[in-house]
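Heads up, the thing below is written out as structure tokens.
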Amino acid sequence: MSIPKVFIDQVLEQTNIVDVIGRRLPLTKKGNNYWSHCPFHDDNNPSMAVNEDKQFFYCFVCQESGNAIHFLREYEGLDFVDAVETLASSLGLEVPYERTPQENFSSDLLDSAVSFYANNLKSDEASHAKDYLKARGITGAVAKNLI
């Protein structure tokens with residue numbers, strides 16, 4: 100499953116990185132930026148700038164930088180999908196997952212295989228297969244439910 104890029108862009112557009120980072124670290128406003136000790140290295144002085152206009156953070160010591168998704172991934176150890184889900188949830192949005200072309204292909208292939216074998220079981224030539232299923236305790240009703 101994948102998350103549509105349009106939705107990711109929407110989440111980033113509606114998210115305020117200052118709020119995201121500010122819920123996790125103390126921030127101090129100085130000039131155009133908010134500043135904090137960087138959580139990604141030992142930091143004695145505030146070296147991480149959070150720019151609200153650009154929705155971006157940057158550490159001037161370790162050069163860690165990125166948007167709100169990247170911050171959550173690094174700070175909370177989340178994978179990309181979990182970080183997007185966390186931000187979407189905080190906005191009251193539900194993530195609209197899409198099936199990838201590979202998943203669609205696999206699903207279509209499985210559906211074709213099920214149809215093929217179900218149709219073959221209905222034929223007169225399938226007596227050996229039917230006997231095998233009966234020997235395994237699979238009745239006609241059970242087989243229909245499985246197909």
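Residue numbers (the working numbering): 100 to 246. Cβ coordinates follow ideal geometry from the N, Cα and C atoms, glycine included.
Helix, strand or coil for residue i, going by three-state DSSP, please let me know.
i: asparagine 144; result: coil
i: lysine 221; result: coil
i: valine 119; result: helix
i: glycine 236; result: coil
i: phenylalanine 139; result: coil
Candidates the options: which alpha carbon is nearest residue i's?
i: serine 164; options: Ser226, Phe215, Ser146 and Lys243; result: Ser146
i: asparagine 132; options: Ser211, Phe179, Asp152 and Arg122; result: Asp152
i: serine 101; options: Gln113, Glu224, Thr185 and Val180; result: Val180
i: leucine 124; options: Ser188, Tyr174 and Gln162; result: Tyr174
i: asparagine 143; options: Cys161, Ser226, Tyr231 and Phe170; result: Cys161
i: lysine 221; options: Ala234, Thr185 and Gly239; result: Gly239
i: asparagine 150; options: Lys129, Asp141, Phe139 and Ser189; result: Lys129
i: cysteine 137; options: Phe155, Asp118, Phe159 and Glu112; result: Phe159
i: arginine 122; options: Ala167, Ile107 and Glu112; result: Ala167
Going by the DSSP bridge assignment, what does residue i pair with across the sheet?
i: tyrosine 133; result: Lys128 and Val149
i: serine 214; result: None; serine 214 has no bridge partner.
i: serine 101; result: Glu197
Write down the C-beta distance between residue i and residue j rounded to the nearest angstrom, noting that I regard them as a contact closer than 8 Å.
i: serine 135; j: isoleucine 120; result: 7 Å
i: valine 110; j: valine 183; result: 6 Å
i: leucine 192; j: leucine 171; result: Between leucine 171 and leucine 192 the Cβ distance is about 15 Å, and since that is not below 8 Å, they are no contact.
i: threonine 114; j: leucine 209; result: With 8 Å as the limit, threonine 114 and leucine 209 do not qualify as a contact, their Cβ atoms being about 38 Å apart.
Answer with yes or no whether the minimum CB distance from residue i to chain D is below 7 Å.
i: glutamate 224; result: The structure shown contains no chain D, having only a single protein chain.
What are the start and end residues of each continuous beta strand (DSSP E) run of 3 or more residues lying completely inside the segment 151–212, in chain order?
Counting whole runs of 3 or more residues, the segment 151–212 contains the beta strand (DSSP E) stretches 155–158.
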